[in-house]
Amino acid sequence: MTSTPHSPSEMFASIPGIFGFYPEESIVVLTLMHTEESCYQLGPVMRLDLKDLRYLSDIGDTLSAIEPDLVFGLIISQQKPEAIEDLKGLIEFVADCEIVPFDACWYTSAIESGGKYDAIWLNEAMTEAALEYQSWRKGRIPLIANTGITGEMIHAGHLPELSRKDIEKHYAQAEESEQWDEYLIAERYAELFDDPSTSFRSAQECIDAFSQAVELMRTEKLITDAALTVAAFLKSKMSRDIVIEYCVLNANTVKEALCYVSRHTKGFVRANALALYALCIVDSPWGNHITCVLQAAHNTLPFHHLTALVAEAYYRGLSGSIVDLVINGSQEAQKHFGESTNVKSAV
Numbered sequence: 001m002t003s004t005p006h007s008p009s010e011m012f013a014s015i016p017g018i019f020g021f022y023p024e025e026s027i028v029v030l031t032l033m034h035t036e037e038s039c040y041q042l043g044p045v046m047r048l049d050l051k052d053l054r055y056l057s058d059i060g061d062t063l064s065a066i067e068p069d070l071v072f073g074l075i076i077s078q079q080k081p082e083a084i085e086d087l088k089g090l091i092e093f094v095a096d097c098e099i100v101p102f103d104a105c106w107y108t109s110a111i112e113s114g115g116k117y118d119a120i121w122l123n124e125a126m127t128e129a130a131l132e133y134q135s136w137r138k139g140r141i142p143l144i145a146n147t148g149i150t151g152e153m154i155h156a157g158h159l160p161e162l163s164r165k166d167i168e169k170h171y172a173q174a175e176e177s178e179q180w181d182e183y184l185i186a187e188r189y190a191e192l193f194d195d196p197s198t199s200f201r202s203a204q205e206c207i208d209a210f211s212q213a214v215e216l217m218r219t220e221k222l223i224t225d226a227a228l229t230v231a232a233f234l235k236s237k238m239s240r241d242i243v244i245e246y247c248v249l250n251a252n253t254v255k256e257a258l259c260y261v262s263r264h265t266k267g268f269v270r271a272n273a274l275a276l277y278a279l280c281i282v283d284s285p286w287g288n289h290i291t292c293v294l295q296a297a298h299n300t301l302p303f304h305h306l307t308a309l310v311a312e313a314y315y316r317g318l319s320g321s322i323v324d325l326v327i328n329g330s331q332e333a334q335k336h337f338g339e340s341t342n343v344k345s346a347v
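Heads up: the sequence shown begins at 1 in full-length UniProt numbering, then just goes up one per residue.
As C-alpha cells, then:
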C-alpha cells in the first residue's frame with residue numbers, strides 16, 4: 001500500500017479499494033508503518049470473517065513477522081448490540097494478551113459513505129489522542145468515491161464488487177457442459193510438442209505461437225481454437241515455464257486470455273492459468289483480486305507448486321521478488337528447451 005491515511009475514516013473508506021469488494025460481517029486488521037516524524041504509511045491489510053475469529057492468532061503471527069508500528073481493527077457487522085458487546089470483550093482480551101497487538105479497534109455496521117463508526121477499544125496512547133482529535137473516537141466515513149485507495153480505483157474505472165462472492169464468481173469454472181474436452185487439449189499439446197513433423201524446434205517458436213494464440217483470442221473475441229493452444233501450453237510444467245516470462249512482461253495482453261482459459265478447464269491447466277493470472281495482476285488495479293484468484297487455484301489443485309510460491313510471496317509482501325524469480329525460471333526453461341531468447345514486451 002502507498003496510501004498515507006490522515007484519520008480512521010479515511011482508512012475505512014479505502015477498505016473496498018484494498019480488497020476489491022465491500023466486506024461484511026468481518027474484522028479488518030490494518031497496519032501502519034512509520035515513515036518519518038509523525039507520518040505513517042498504510043501497510044498490509046488483512047480480513048477475517050467474524051465466524052472465523054479463532055484464526056486471530058494466525059494474524060498475530062503474521063504481524064510478528066511484519067512488525068508494524070500501529071495495528072488498528074475495524075469490526076463490520078449488523079449483528080445485535082449484545083453480539084457487538086461480546087466482540088468488544090474479545091478484542092480487549094486479544095489486545096491485553098498481545099495475541100493481536102491492537103492499538104485501537106472500531107465498529108461500524110457497514111462501509112458506506114456517511115456511515116457511523118465508534119471506537120470499541122483504545123489503548124492508552126490512542127485514548128489520549130482521542131481527547132484531542134474526536135475523529136479517533138467516533139465519526140462518519142467520508143464519500144467513498146472521492147477518498148483514498150477506493151477513490152483512486154473508481155477514478156481509474158474499476159468499481160469494487162459488492163461482496164467477495166461477486167469476485168469469486170468471476171474466477172469460477174464454467175458449467176460442466178461448457179468445459180473443454182481434456183482430450184482436445186492433450187491432442188493440441190501433442191501437435192505442439194510431441195509430433196516430430198509439427199512440434200517446435202526452439203523456445204522462440206513456442207513463445208511466438210503462444211503470443212499469436214493470445215492475440216487471436218483478443219482480436220477474434222476469444223475463439224476456442226486459439227484458446228485450446230493457450231490451454232495446451234499450460235498442460236505441462238515445461239511448456240508453462242517457457243511462456244511465463246512472456247506472460248509477465250505482457251500482462252495487459254495476456255491476462256484476459258488466461259482468465260478465459262481458467263473458466264473452461266480443470267486441474268493442472270486451470271491452476272496454471274489462475275496462478276499466471278495472479279502474476280499478471282499483482283501490480284495492476286486488479287491486484288486486490290489476488291487473494292480470491294489464489295484461493296480458486298488452491299481449491300482446484302491444493303498442492304499446486306506455482307500457486308503456493310505466488311501465495312507465500314504475496315502474503316509476505318514480496319510480490320516483486322516472486323516476479324523476478326519466475327522470470328529467471330522461465331529463462332532457464334527456455335535455455336533448457338534448446339535456445340536462449342530475449343522476450344521483449346509487446347506493450
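Where is the CB? At the ideal position from N, CA and C, for every residue including glycine.
For residue i, count neighbouring C-beta atoms within 10 Å of its own C-beta (all shown protein chains included) and say buried if the count is 16 or more, exposed if not.
i, result
"N252", "exposed"
"I223", "exposed"
"G17", "buried"
"L131", "exposed"
"S14", "buried"
"G20", "buried"
"G139", "buried"
"Q78", "exposed"
"S340", "Annotation note: pLDDT 46 at S340 (below 50); position unreliable, coordinate value reported separately. Under this definition S340 is an exposed residue."
"Y183", "exposed"
"T2", "With a pLDDT of 47 at T2, under the threshold of 50, the modelled position of this residue cannot be trusted, and the question is left open."
"C39", "exposed"
"P8", "buried"
"Y277", "buried"
"L306", "buried"
"Y133", "exposed"
"R270", "buried"
"E10", "buried"
"A273", "buried"
"R54", "exposed"
"C97", "exposed"
"A227", "buried"
"A83", "exposed"
"D195", "exposed"
"S321", "exposed"
"P302", "exposed"
"G73", "buried"
Please confirm if residue i has its CB atom under 8 Å from at least one CB of chain E.
i, result
"G17", "Any reference to chain E falls outside this structure, which holds one protein chain only."
Using the DSSP secondary-structure output, state which residues sit across from residue i in a beta bridge.
i, result
"V28", "R47, L74"
"R140", "K116"
"Y40", "H34"
"L122", "A104"
Determine the extent of the beta strand (DSSP E) in which residue i is found, giving its start and end residues.
i, result
"Y107", "104-108"
"R240", "From DSSP, R240 is part of no beta strand (DSSP E) but of the alpha helix (DSSP H) over 237-249."
For the alpha helix (DSSP H) that residue i lies in, which residues bound it at each end?
i, result
"L90", "81-96"
"I281", "267-281"
"residue 353", "Any question about residue 353 goes unanswered here, given that the chain covers just 1 to 347."
"I59", "56-66"
"residue 421", "Because residue 421 is not part of the residues shown, which for the chain are 1 to 347, the question remains open."
"G317", "G317 -> no alpha helix (DSSP H), and no H or E assigned at all."
"I185", "182-189"
"N288", "It is not in any alpha helix (DSSP H) - N288 carries neither H nor E in the DSSP assignment."
"D52", "From DSSP, D52 is part of no alpha helix (DSSP H); its letter is neither H nor E."
"L228", "224-233"
* Segment contact, 8 Å Cβ cut-off, at least three pairs: the stretch 39-59 with the stretch 104-113 -> no
* Specify whether the stretch 234-244 and the stretch 182-199 touch according to this definition: at least 3 beta carbon pairs, one from each stretch, less than 8 Å apart. => yes
* Asked: Counting Cβ pairs, one atom from each stretch, are 3 or more of them under 8 Å apart for the stretch 321-335 and the stretch 242-258?
  -> yes
* Is the stretch 65-72 touching the stretch 32-50, taking contact as three or more C-beta pairs under 8 Å? -> yes
* Cβ pair count under 8 Å reaching 3, the stretch 280-293 against the stretch 204-220 -> No: the two stretches stay apart, fewer than three of their Cβ pairs being nearer than 8 Å.
* Meets three-Cβ-pair contact criterion under 8 Å: the stretch 113-131 and the stretch 83-95 -> yes
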